[in-house]
Amino acid sequence: MNYEKEINAVGEEVINPDGSVIPTIESENISKEKEKYVISREDIPTFNKILVTDDGKDISNKALNYAISLSNSTKAEIVILRIIEDVEQLDISVEGSKDVRENKKLNNGNFERTIKGEIINSMEEKIKNCRAVGCDNKVSYKFLTGNRIDEIVKEINDNNYDLVVLTTTHIDSWFRSLFSDARKIISNINSPVLIIQ
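Take the sequence shown: its letter number 113 is residue 223 in this note's numbering, and every next letter is one higher.
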């Protein structure tokens, strides 16, 4: 280790083994970081809308519990997002009716679509459970189809969520961590993320 050039992470001087002192040099990056992240009332984030990803597994319920706790203390709306990659394999029925009264376009067309099936029933049950445990704030759900990672990233970037709650399994190697779904999502968004494992 070359002690003559060493300065610690906060830019303080280092005493060499011979007793000489290297002068304090504060790097530009360190001073910018100090200015950027301060603790003050103005810089404490507020949560108005929290996105929780849901894959139908128990870990998604654990993530929802965290979101409910945050929502109860901040009055934030919770949006539960489920991505459906294989629509054909699900027991879903879609009913449509034309809106002739106002001749307005609904759902990218001129038909109002209603989705029914077990997936909808399970999500409605999840919202009832949120109410049963004391969540009085708005809770809604959204279904999207397509590639799971791409759709989650697009949803987050398009809708200004104040916090995103993601789930992941315990990752036991750096290689699997590098290619995990959560990492792929986080690297493509700017919203704060809470990861539940």
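All C-beta atoms in this analysis are idealised placements derived from N, C-alpha and C, irrespective of residue type, glycine included. Model, not experiment: these values are computed from the prediction.
- CA-CA distance, Met-233 to Phe-157, rounds to 23 Å.
- If the five residues before and after Val-274 are omitted, its C-beta is found closer than 6 Å to the C-beta atoms of Leu-161, Ile-266, Ser-301, Val-303, all from its own chain and listed in chain order.
- In the structure shown, Glu-261 falls within a helical segment according to DSSP collapsed to helix, strand and coil.
- Residue environment: Arg-192 is assigned as buried (16 or more neighbouring CB atoms within 10 Å of its CB, all protein chains considered).
- Residue state for Thr-278 is assigned as coil, using DSSP reduced to three classes.
- Apart from the 5 residues on each side of it in sequence, Glu-187 sits with its Cβ closer than 8 Å to the Cβ of Asn-158, Lys-159, Ile-160, Ser-181, Asn-247, Lys-248, Val-249, Ser-250 in its chain, given in chain order.
- In this structure, Ile-190 places its C-beta atom within 8 Å of the C-beta atom of Leu-174.
- Between the beta-carbon of Leu-276 and that of Ile-237 there is about 20 Å, and that puts the pair past the 8 Å contact cut.
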